[in-house]
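Numbering (our numbering), first residue to last: 7 to 521.
In this text, a Cβ means the ideal position worked out from N, Cα and C, and glycines have one as well.
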Amino acid sequence: MTCEKRGRSQAWRAVRSVTLDAGTPAIRYRLRESVRRHSAVQSALLVVSFVTLVWAWSFPFSVLLDTRWIDVTALEPTLLVGGFLLIAGQAWKLVRRGDRAWLLLLAGYLGWLVVAALAHSSGLDLKRAVSYLLFSGLSIAVAFASVRLGSDRAARWVIAFFTVALVVAFTGALLERVTYRPGAVDPLAPLWSFFRPQQALFVENVGVMRHAPLHYPLDEEGLLRTSGIFGHPLYLGFFALLAAAVMTAVVIRAWREGARKRAAAYLVALCVAILVEYWTYSRSPFLGLIAVVVAAVVLELAVRVRQLRSGPDRRALLPGALVLSTLFLVLATTFRVDDLGLRRLGGIPFLGGDIAEDDSVEASAARAARLRLALQGVAVEMATESPRTLLLGTGMTAYETALKDLPPELGATRFTHPHSAWLTALLAGGIPAALLFASLLAAVWLRVVRALLASPTGATAVVLLALGAWIPVWSLVQFFGLNPLSASEAVILGTMLGFAGGFALPRERVDAGSG
């Protein structure tokens with residue numbers, strides 16, 4: 007019996023302990039029932055984790071019930087099911103002593119946002135902080151428990167989920183690019199409107215906002231930012247970034263284990279992830295995808311050097327070189343066939359200067375970048391206004407009000423956040439919130455790296471490598487990313503942090519299982 011199976015759950019170990027004096031039929035029956043019950047709970051928790059990820063990426067605008075006090079989307083009832091499963095699986099028994107540090111940081115971060123919202127005396131800020139606490143907290147708990155009930159089985163599920171989801175994402179993106187023609191009747195309009203309902207949304211303190219468009223065309227006629235079945239090109243872009251981390255990790259580890267056919271198949275999947283990412287023409291996720299592939303290669307090499315206590319041999323360098331060569335060739339070929347992504351990257355006016363007012367891709371990208379810089383400039387100015395704002399932030403309500411003073415031609419009033427997870431944390435809870443957020447991410451990442459150094463094998467090693475590459479890249483990309491206080495972002499980050507916390511087993515858990 008493997009260490010993995012011995013450590014499935016507290017209940018599993020308790021039942022196993024009664025087998026010391028021979029295996030009677032009654033004891034064997036109780037043993038089988040315990041394993042069966044906890045396997046069922048684990049499967050259900052994994053399903054909840056994956057379903058909420060699908061909801062978060064693909065149905066962020068589907069509001070089932072919109073009231074002044076609560077907005078119900080598909081995420082709420084799904085996470086409620088997850089909460090009941092956590093009780094059924096006695097998830098609190100899965101927490102070990104080594105988990106306390108990162109869980110305390112998590113509690114401190116989420117709790118401080120609530121305290122700051124109370125200090126702001128804003129009902130809207132409090133509603134957002136409490137919603138973020140519930141969405142993020144439940145997502146973390148569900149993913150964490152699903153892994154701790156059996157990490158290797160959960161790892162295989164994670165790899166399978168991202169593989170299937172990538173195929174679906176590629177199919178949707180390809181369909182949209184092939185069928186969409188500006189000015190013509192879209193034959194797949196009912197499909198896209200199912201994922202992006204054509205109904206106006208009401209946002210407090212901002213007012214009525216238009217519905218999400220069926221497509222996201224660029225200013226130049228006939229050009230399209232692909233979103234497929236995802237709610238927005240950025241959602242598809244950040245999904246492809248995460249999928250690329252998983253595919254890269256599978257290629258590297260499969261090659262290391264001698265599974266050449268599996269490595270070749272997932273190398274093709276990595277090419278698909280790169281192509282899907284490029285079609286969104288989203289700059290931050292695109293740069294993040296390149297960074298996450300490089301980070302996975304470097305992390306694997308660093309782990310090998312540390313484990314061998316010397317430089318790796320040439321064979322250990324081969325899978326990383328293969329991945330990086332593939333990345334370079336795919337990008338070079340794509341840039342030659344379609345230079346739109348490069349043109350959007352070139353339209354970043356960091357050094358100032360005049361921005362053309364025509365409909366070119368470069369000018370459109372420059373205007374979008376100028377808007378983001380303006381949004382972030384207001385956030386920095388407000389957060390550093392006084393010692394009180396440095397300690398508690400200003401609250402998102404005050405920020406949204408301040409955006410109305412920006413020049414109307416920027417279009418800033420249709421935004422409710424500064425397009426930066428770090429600046430949003432600074433606005434919502436001041437420097438303490440930003441520091442707690444950074445400490446939480448750093449603590450979880452260090453646990454993942456330590457788990458990798460413990461020489462795991464199989465699917466668990468793959469997921470640990472992917473998470474070890476993704477967490478620092480995500481942290482950097484989110485300087486120019488989305489709104490972390492939204493339900494979608496809370497679920498996505500919460501689920502991935504829960505997986506990371508679950509797969510990175512505490513040291514005493516590993517030591518106990520090795521005996």
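Next item on the list: Measure the Cβ-Cβ separation of V164 and V469 and say whether it is below 7 Å.
Entry: As a working note, residue 164 is residue 158 in the sequence shown. As a working note, residue 469 is residue 463 in the sequence shown. Yes. Within cutoff.
Note to self: Is the separation between the beta-carbon of A251 and that of A279 shorter than 7 Å?
What the structure shows: Sequence index remark: in the sequence shown, residue 251 carries index 245 (1-based). Sequence index remark: in the sequence shown, residue 279 carries index 273 (1-based). No.
Note to self: To the nearest angstrom, how far is the alpha carbon of L307 from that of H238?
What the structure shows: Looking up residue 307 in the sequence shown gives position 301. Looking up residue 238 in the sequence shown gives position 232. Near 35 Å, if we compare the C-alpha coordinates of H238 and L307.
Margin query: Could you check whether the Cβ of A94 sits closer than 6 Å to any heavy atom belonging to the ligand NAP?
Written below: Absence of the ligand NAP is noted for the structure shown, with no ligands found whatsoever.
Margin query: On a Cα-Cα basis, can you pick out the residue from I146, S366, L230, R187 that is closest to A496?
Written below: The residue given as residue 496 occupies position 490 in the sequence shown. The residue among I146, S366, L230, R187 with its C-alpha nearest the C-alpha of A496 is I146.
Notebook entry, point to check: Based on Cα-Cα distance, which residue from S288, L155, A444, A327 lies nearest to G95?
Noted result: Position 89 of the sequence shown holds residue 95. Relative to the Cα of G95, the nearest Cα in the group S288, L155, A444, A327 belongs to L155.
Next item on the list: Let me know if V479 comes out buried or exposed under the rule of 16 or more other beta-carbons within 10 Å of its beta-carbon.
Entry: For the purposes of this step, residue 479 is identified with residue 473 of the sequence shown, where counting begins at 1. V479 counts as buried, since no fewer than 16 other beta carbons sit within 10 angstroms of its beta carbon.
Margin query: Under DSSP, the alpha helix (DSSP H) around W285 begins and ends at which residues?
Written below: The residue given as residue 285 occupies position 279 in the sequence shown. Unbroken alpha helix (DSSP H) run through W285: 266-286.
Next item on the list: To the nearest angstrom, report how far apart A160 and A506 are at their CA atoms.
Entry: Locating residue 160 in the sequence shown gives position 154, counting from the first residue. Locating residue 506 in the sequence shown gives position 500, counting from the first residue. For the pair A160 and A506, the Cα-to-Cα distance works out to about 12 Å.
Next item on the list: Indicate the three-state DSSP secondary structure (helix, strand or coil) for V303 in the structure shown.
Entry: Sequence index remark: in the sequence shown, residue 303 carries index 297 (1-based). Here V303 sits in helix by DSSP.
Checklist line | Where the alpha helix (DSSP H) through H126 begins and ends | finding: Residue mapping note: residue 126 aligns to position 120 of the sequence shown, counting from 1. It spans 106-126 - the alpha helix (DSSP H) in which H126 sits, taken as one unbroken run.
Note to self: Could you tell me the alpha carbon to alpha carbon distance between L240 and A448, rounded to whole angstroms?
What the structure shows: In the sequence shown, residue 240 corresponds to position 234, counting from 1. In the sequence shown, residue 448 corresponds to position 442, counting from 1. Distance between the alpha carbons of L240 and A448 is about 24 Å.
Item checked: Contact under 7 Å by Cβ, R310 with A322 -> Residue numbering aside, residue 310 sits at position 304 when the sequence shown is read from its first letter. Residue numbering aside, residue 322 sits at position 316 when the sequence shown is read from its first letter. Yes, they are a contact pair.
Next item on the list: Tell me, please, which residues DSSP counts as bridged to Y222.
Entry: As a working note, residue 222 is residue 216 in the sequence shown. According to DSSP, Y222 bridges with R231.
Note to self: Here's the rule: buried if 16 or more other CB atoms are within 10 angstroms of the residue's CB, otherwise exposed. What is V455?
What the structure shows: As a first step, residue 455 is located in the sequence shown; it is residue number 449 there, counting from the start. V455 comes out buried.
Check: So, is L503 buried or exposed, given that buried needs 16 or more other C-beta atoms within 10 angstroms?
Finding: For the purposes of this step, residue 503 is taken as residue 497 along the sequence shown, with counting starting at 1. L503 comes out buried.
Margin query: Are the CB atoms of V298 and L247 within a distance shorter than 7 Å?
Written below: In the sequence shown, the residue the question calls residue 247 occupies position 241. In the sequence shown, the residue the question calls residue 298 occupies position 292. By the CB criterion at 7 Å, L247 and V298 fall inside the cutoff.
Notebook entry, point to check: With C-beta atoms as the reference, is L458 less than 7 Å away from G474?
Noted result: Start at 1 with the first residue of the sequence shown, and residue 458 comes out as number 452. Start at 1 with the first residue of the sequence shown, and residue 474 comes out as number 468. Yes.
Next item on the list: Check S366 in the structure and name its three-state DSSP category.
Entry: Here the question's residue 366 lines up with position 360 in the sequence shown. Three-state DSSP puts S366 in coil, outside helix and strand.
Margin query: For the pair the region 47-55 and the region 179-191, tell me if three or more CB-CB distances fall below 8 Å.
Written below: No contact exists between the region 47-55 and the region 179-191.
Note to self: Assuming K133 is part of the alpha helix (DSSP H), what are its boundary residues?
What the structure shows: Here the question's residue 133 lines up with position 127 in the sequence shown. From DSSP, the alpha helix (DSSP H) with K133 extends over 129-154.
Item checked: D158: first and last residue of the uninterrupted alpha helix (DSSP H) it sits in -> Counting from one through the sequence shown, the residue named residue 158 turns up at place 152. In this chain, the alpha helix (DSSP H) harbouring D158 covers 157-185.
Item checked: Residues of its chain near W198, where Cβ-Cβ distance is below 6 Å and the 5 sequence neighbours each way are ignored -> Working through the sequence shown from its first residue, we reach residue 198 at position 192. Closer than 6 Å at the Cβ level, and outside the excluded window around W198, lie L220.
Next item on the list: For R134, I'd like the list of residues in its chain whose CB is within less than 6 Å of its CB, leaving aside the five on either flank, ordered along the chain.
Entry: By 1-based counting over the sequence shown, the position of residue 134 is 128. So the qualifying residues of the chain are L491.
Next item on the list: Give the DSSP-derived three-state secondary structure of V191 in the structure shown.
Entry: In the sequence shown, residue 191 corresponds to position 185, counting from 1. Coil at V191, not helix or strand.
Item checked: Unbroken stretches of the alpha helix (DSSP H), 4 residues or longer, contained in the region 446-517 -> Taking only runs of at least 4 residues, the alpha helix (DSSP H) segments lying wholly in the region 446-517 are 464-483, 493-509.
Notebook entry, point to check: By Cβ distance below 6 Å, which residues in the same chain neighbour S142 in space, the five residues on each side in sequence not counted?
Noted result: Position 136 of the sequence shown holds residue 142. The beta carbon of S142 lies closer than 6 Å to those of A496, G500 in the same chain, with the five residues before and after it left out.
Margin query: Less than 7 Å between the C-beta atoms of L293 and T332, yes or no?
Written below: Against the sequence shown, residue 293 aligns to sequence position 287. Against the sequence shown, residue 332 aligns to sequence position 326. L293 is not a Cβ neighbour of T332, given a cutoff of 7 Å.
Check: What does a CB cutoff of less than 8 Å around A28 pick up in its chain, not counting 5 residues either side in sequence?
Finding: The sequence position of residue 28 within the sequence shown is 22, counting from 1. Residue placement at A28 is flagged as unreliable, the pLDDT there being 35, under the threshold of 50; the coordinate-derived value follows with that caveat. Around A28: no qualifying Cβ.
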